[in-house]
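Each residue of the sequence shown is one higher than the one before, counting from 6 in the numbering used here.
To keep things clear, I will list the structure first and then write my remarks on it.
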Amino acid sequence: MFRAAAPGQLRRANLLPRVAAKLDVAPVSDIIAIKSPDTFVRTIYAGNALCTVKCDEKVKVFSVRGTSFEAAATSGGSAGSEKASSTSPVGLSEWLDQKLTKSDRPELTGAKVVVSGGRGLKSGENFKLLYDLADQLHAAVGASRAAVDAGFVPNDMQVGQTGKIVAPTIVAINKDPEAPIFQVADYGIVADLFKVVPEMTEILKKK
């Protein structure tokens, strides 16, 4: 029995289906818990429901959600590792360059706390409210697809079903008590974000 687990959304979305196809097995993606050697738990419907999956394949290929598991020890363990040799590239593709966004804040996919904003912020300049709050919480800053599509912030800040998967505990702030976000939030504050966020930031500064 062999299991391949890979972190990193873009890499696993690109690589694991190919590996599974080569092995002629069904992959299991983005698992958040392992119940037994052949039973796994993953989220569905944008994280609003849990699905328990039983995989009877002799060779199991799956990816894990990094925020759902404790970091592995840097030494010890019984699993062996083998270094795979890469072959020469085949085809018409050519590697040109790689540019990584650098930030003093934690990486979105690994952060314990993420302060995320949406279209309600009205402009990119207003995201400074979130940056100030995130600095006090030692948190990453994210954004909804609507905020990214509106040009408020760059693509690499997008979180959610169409962006980066982050920790599932949600604290929502919205002045509309009927806002849909409250249906999936763990905690909710009915207030104007332009008033309550600066107040929260000032309170945290005094601690």
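Think of the CB as a built atom: it goes at the ideal place given N, C-alpha and C, for glycine as much as any other residue.
| Asked | Found |
| --- | --- |
| Compute the distance between the beta-carbons of V58 and R70, then report whether it is under 8 Å. | no |
| Helix, strand or coil: how does DSSP classify Q103 here? | coil |
| What number of angstroms, rounded off, separates the C-alpha of L21 from the C-alpha of S34? | 9 Å |
| Can you tell me which residues form a DSSP beta bridge with Y192? | V176 |
| Label N179 either buried or exposed according to how many other C-beta atoms from any shown protein chain fall within 10 Å of its C-beta, with 16 as the threshold for buried. | buried |
| If we ignore side chains and look at the alpha-carbon of each, how far apart do K65 and V118 end up? | 32 Å |
| CA-CA distance, R150 and D102? | 26 Å |
| Is C56 buried or exposed, if buried means 16 or more other CB atoms sit within 10 Å of its CB? | exposed |
| With burial defined as no fewer than 16 other Cβ atoms inside 10 Å of the residue's Cβ, what is the status of F132: buried or exposed? | buried |
| Report yes if the CB atom of A152 is closer than 8 Å to the CB atom of L126, and no otherwise. | yes |
| Taking L135 as the reference, give the member of P111, R23, T206 and K211 with the closest Cα. | T206 |
| The beta strand (DSSP E) spanning A38 covers which residue range? | V33 to S41 |
| Using the Cβ count rule (16 or more neighbours within 10 Å means buried), how would you classify S121? | buried |
| Just list the alpha helix (DSSP H) runs in the segment 114 to 163, keeping only unbroken ones of 4 residues or longer that don't cross its boundaries, in chain order. | 133 to 142 and 150 to 154 |
| Is P32 buried or exposed, if buried means 16 or more other CB atoms sit within 10 Å of its CB? | buried |
| If F67 sits next to I36, beta carbons under 8 Å apart, how far is it from one beta carbon to the other, in whole angstroms? | 6 Å |
| Using the Cβ count rule (16 or more neighbours within 10 Å means buried), how would you classify L138? | buried |
| Compare the beta carbon distance of A177 and A190 with 8 Å and say whether it is the shorter of the two. | yes |
| Helix, strand or coil: how does DSSP classify L198 here? | helix |
| Looking at A155 and R110, is the spacing between their C-beta atoms short of 8 Å? | no |
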